Amino acid sequence: MRLFSLALGLILSWSVFAAIDTYNFSSVEQEQQYRELTEQLRCPKCQNNSIADSNAIIAADMRAKVYDLMQQGNTKQQIIDYMVARYGNFVTYEPPVTAATLILWVGPALFVLIGAAVVVLRARRRVEKETPLSTQEQQRLQSLLTAPPTLAEKSTSVEKHLLTHQAKTDRKQP
Numbered sequence: 001m002r003l004f005s006l007a008l009g010l011i012l013s014w015s016v017f018a019a020i021d022t023y024n025f026s027s028v029e030q031e032q033q034y035r036e037l038t039e040q041l042r043c044p045k046c047q048n049n050s051i052a053d054s055n056a057i058i059a060a061d062m063r064a065k066v067y068d069l070m071q072q073g074n075t076k077q078q079i080i081d082y083m084v085a086r087y088g089n090f091v092t093y094e095p096p097v098t099a100a101t102l103i104l105w106v107g108p109a110l111f112v113l114i115g116a117a118v119v120v121l122r123a124r125r126r127v128e129k130e131t132p133l134s135t136q137e138q139q140r141l142q143s144l145l146t147a148p149p150t151l152a153e154k155s156t157s158v159e160k161h162l163l164t165h166q167a168k169t170d171r172k173q174p
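With my numbering as the guide, the letters of the sequence shown map in order to residues 1 to 174.
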């Protein structure tokens, strides 16, 4: 029983090891600036969380570094520049416009526009290639459309009629 009580006590007290970041700020403005900075910087591991919201170890390290840089007297922009230099533009939710980011934003639109242009040009070329029938071709077409049915066509229609008639008579006989 004693061993069970000890094990239960250890299990229930495991939350004692959870750490909460506590920092002492010299003013309310400094604390507000810290909160704004940690909300503006993205956690490299979590990707969609700020370092203020993330429980990842790297986010805790980044929060500590933000605090250290603030205590050293660095401005907000200097701290952001330090984080970008260390972790890349990914840590900011609003990365700067560069050639690489322009390709990411403009590239898909260019592909759609180029694809639409290809479709339109091919459709126009196809229309241009269609030429009217010559008089000889029109006469041949007219003769085919107005010609009386051939023997093969007649036999096919007679066979259909006979099959239909046979099916009707088969149904009537028990």
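Just so it is clear, CB atoms sit at the ideal spot from N, CA and C, and this is done for glycine as well.
Keep in mind that this is a model prediction, so the values were computed, not measured.
- Residue nearest to leucine 69 within the set Arg122, Gly88 and Ile80 is Ile80 (criterion: CA-CA distance).
- Rounded to whole angstroms, the gap between the alpha carbons of threonine 38 and leucine 110 is 36 Å.
- For aspartate 61, the closest alpha carbon among the candidates Tyr87, Glu36 and Gln72 is that of Tyr87.
- Partner residues in a beta bridge of serine 54, as assigned by DSSP, do not exist.
- Remark: C-beta atoms of threonine 92 and valine 84 approach each other more closely than 8 Å.
- Here the alpha carbons of asparagine 49 and glutamine 72 stand approximately 26 Å from one another.
- For methionine 83, the enclosing alpha helix (DSSP H) covers residues 76-87.
- In the structure shown, leucine 102 adopts helical secondary structure according to DSSP, grouped into three states.
- Bridge pairing for arginine 122: absent [DSSP].
- Secondary-structure assignment with DSSP links leucine 141 through no beta bridge to anything.
- For arginine 42, DSSP records a beta bridge to Ser50.
- Our two residues, glutamate 94 and tyrosine 67, have alpha carbons roughly 22 Å apart in a direct line.
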